[in-house]
Amino acid sequence: MPIVIPKALPAFRILKDENVFVMPKRRAEMQDIRPIEIAVVNLMPTKIETETQLMRLLANTPLQVNLTLIRTATYKATHAAEDHMARFYKTFDEIRGNRFDGMIVTGAPVETLEFEDVLYWEELKTIMDYAEHNVTSTIYICWGAQAALYHLYGIGKRKLPQKLFGVFKNRAVVSYDPLLKGLNDTFSIPHSRHTAVDEDAVRRCKKLKVLAEGKECGISIAKATDDSKFFFFGHSEYDRDTLKKEYLRDVEKGLEIAKPSNYFVDDDLDRIDMSWNSTGNLLFYNWLNHYVYQVTPYRLED
């Protein structure tokens with residue numbers, strides 16, 4: 051089944067060219083199916099790239115997905131065209147009366163700041179509180195995961211001595227969790243961050259459960275024990291060349307940055323081992339099926 055997005059959205063053409071099942075709203079309205087309503091709070095500066103990455107994964111299920119893109123009102127995006135944001139995004143005030151089956155809150159390049167120093171922190175807190183009562187299940191990614199753990203559980207973060215940057219092996223910590231269904235015993239997840247959550251505090255918290263971790267990257271996936279929230283500390287949604295773009299960007303800025311680990315084949319910048327592709331597809335497929343579709347009410351207003 052398709053993901054329903056505006057035909058004018060840049061991701062529509064990109065995904066259609068990849069033979070991903072996308073559908074314009076007019077055609078979707080002719081389908082006698084109750085679609086799954088998913089909201090994406092996109093905090094990344096690379097709006098279109100992030101939209102496309104997430105839409106690609108959300109389209110890889112038998113479900114019809116309606117997507118609502120949400121932006122912050124208290125901070126104006128500087129890397130995205132104003133007409134794109136005005137045309138395709140809504141503010142929280144515009145959707146706060148709605149309910150959603152699922153929500154995804156992305157990461158953001160603000161991790162070295164204290165949470166309270168982030169310009170849109172108060173607005174994000176309001177969105178996270180809203181999700182507690184109006185969303186069946188929420189995925190928080192990277193800095194978004196750290197922000198949610200801090201706001202909802204009082205768990206802090208620490209600065210790493212050097213950037214955790216590359217693709218790292220992980221293993222399941224629990225057996226048979228539906229989110230990890232179909233994954234190999236070891237699986238790869240990209241990470242790109244300067245900070246790490248207080249892992250001891252996560253493990254001590256009885257309302258949280260660690261699902262996957264790696265020797266080099268630490269905890270990669272955790273969840274709330276009531277299945278209402280998932281915390282992805284890596285970027286399983288990344289495209290093949292996302293880490294390469296980040297690396298070249300930092301090199302161009304003159305920053306001290308090592309090549310991403312376990313990523314370039316034989317250190318060749320033109321050869322990339324996308325070892326996390328199946329992992330990303332399975333994680334989002336399993337989340338949509340087991341933790342959204344199977345448990346969300348048929349009528350969201352109920």
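Position one of the sequence shown corresponds to residue 51 (the numbering used here), numbered consecutively onward. Idealized CB from N, CA, C, for every residue including glycine. Just so we're clear, the structure is a prediction, and the values are computed from it rather than from any experiment.
- Quick one, which of 336, 160 and 306 has its alpha-carbon nearest residue 95's? As a first step, residue 95 is located in the sequence shown; it is residue number 45 there, counting from the start. Among 336, 160 and 306, the Cα nearest to that of residue 95 belongs to 160.
- Tell me residue 139's beta-bridge partners as DSSP assigns them. Taking the first residue of the sequence shown as 1, we reach residue 139 at position 89. Bridge partners of residue 139: 119.
- Exposure label - residue 320; buried when at least 16 CB within 10 Å: Along the sequence shown, one-based indexing puts residue 320 at 270. The residue is exposed, with fewer than 16 neighbouring Cβ atoms inside 10 Å.
- Rounded C-alpha distance that separates residue 15 from residue 191: Summary: the structure shown does not reach residue 15, with the chain confined to residues 51 through 352, and so no result is reported for it.
- Message: Cutting at 8 Å between CB atoms, please list the residues of its own chain near residue 307, excluding the five before and the five after it.
- Response: Here residue 307 is taken as the residue at index 257 of the sequence shown, counted from 1. Hits under 8 Å: 213, 215, 297, 300 and 301.
- Would you kindly work out how many angstroms separate the C-alpha atoms of residue 226 and residue 126, rounded to a whole number? Translated into positions along the sequence shown, residue 226 becomes position 176. Translated into positions along the sequence shown, residue 126 becomes position 76. Rounded to the nearest angstrom, the two C-alpha atoms are 42 Å apart.
- Anticipated Cβ contact below 8 Å, residue 239 with residue 284, distance rounded: For the purposes of this step, residue 239 is identified with residue 189 of the sequence shown, where counting begins at 1. For the purposes of this step, residue 284 is identified with residue 234 of the sequence shown, where counting begins at 1. Yes, they are in contact, since the Cβ atoms of residue 239 and residue 284 sit about 4 Å apart, within 8 Å.
- Query: Alpha carbon to alpha carbon, what distance is there between residue 247 and residue 330?
  - Reply: Here the question's residue 330 lines up with position 280 in the sequence shown. Here the question's residue 247 lines up with position 197 in the sequence shown. So the alpha carbons of these two residues sit roughly 21 Å apart.
- Any chance you could list the beta strand (DSSP E) runs of at least 3 consecutive residues sitting entirely within the segment 118 to 205, in chain order? 139 to 141, 150 to 155 and 185 to 191
- Query: What do you reckon, are the CB atoms on residue 117 and residue 158 nearer than 8 Å?
  - Reply: One-based indexing of the sequence shown puts residue 117 at position 67. One-based indexing of the sequence shown puts residue 158 at position 108. Going by C-beta atoms, residue 117 is not nearer than 8 Å to residue 158.
- Is there contact here, the segment 128 to 148 with the segment 231 to 245, by at least three beta-carbon pairs under 8 Å? no
- Item | CB contact flag (residue 281, residue 222, <8 Å) | Position 231 of the sequence shown holds residue 281. Position 172 of the sequence shown holds residue 222. Not in contact: residue 281 and residue 222 (Cβ atoms no closer than 8 Å).
- Got a sec? Which residues, its chain only, sit under 8 Å from residue 177 by beta carbon, not counting five neighbours each side? The count along the sequence shown starts at 1 and reaches residue 177 at position 127. Contacts found: 91, 120, 142 and 155.
- Query: Secondary structure at residue 98, three-state DSSP: helix, strand or coil?
  - Reply: Start at 1 with the first residue of the sequence shown, and residue 98 comes out as number 48. Helix.
- Segments of 3+ residues assigned as beta strand (DSSP E) that fall wholly inside the segment 206 to 272: 207 to 222, 236 to 247 and 258 to 264
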